[in-house]
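Enquirer: For the sequence shown, my numbering assigns the number 16 to the initial residue and increments by one for each residue that follows.
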Amino acid sequence: MFGAMSSNLELRRICQHCGKNFIAKKTSTKFCSLPCGQRNYKVRQRMNKIETLNRRSKTTGLLINIAEGRALDMEQGLIDIKALAYFTSMSERLIFNLMKDPAFPRLKIGRKVLFEKKTVMDYLGRKYGNWSPGV
């Protein structure tokens, strides 16, 4: 007697990921397409992971390097160039250029170059007198 009921409603929505206008087939639709839904899912997963790491870092005293998703210990003795770039807010390229100076404090073990954060900060303070470390 009653067949499948279909609605002639035109549900205009705005995609929660890309912001485009689209016509939804259901009232619960949030995204304009499957790829937008998948991208939004990945963004949500990444944000949840960052939030979890940040909560954990508050209790352990670690800094979270979001780009790499790894923890950096604030009191760490020897650090690599990526961590040094993060702590000093300088690019890795700038640090490599500073390393051309033989007085730049570094420890080379094989092919790996390590730095003692405090020594590097002291060096930068001496070399660029008006620079004060923000750490």
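Ideal placement from N, C-alpha and C gives every residue a C-beta, glycine not left out.
1. One question on the structure: do A100 and I110 come within less than 8 Å of each other, judged by their Cβ atoms?
2. Hey, how far is the Cα of G144 from the Cα of M136?
3. For K35, which three-state DSSP category applies?
4. What residue range is occupied by the uninterrupted beta strand (DSSP E) comprising E131?
5. For L122, which residues does DSSP report across the bridge?
6. Quick one: give me the first and last residue of the beta strand (DSSP E) that L24 is part of.
7. Over the uninterrupted alpha helix (DSSP H) stretch that includes T103, give me the two end residues.
8. Taking the CB atoms as reference points, tell me whether C47 and K35 lie closer together than 8 Å.
Expert: Result, derived from the coordinates:
1. yes
2. 11 Å
3. coil
4. K127 to E131
5. L129
6. Neither: L24 is in no beta strand (DSSP E) and is coded neither H nor E.
7. I96 to T103
8. yes
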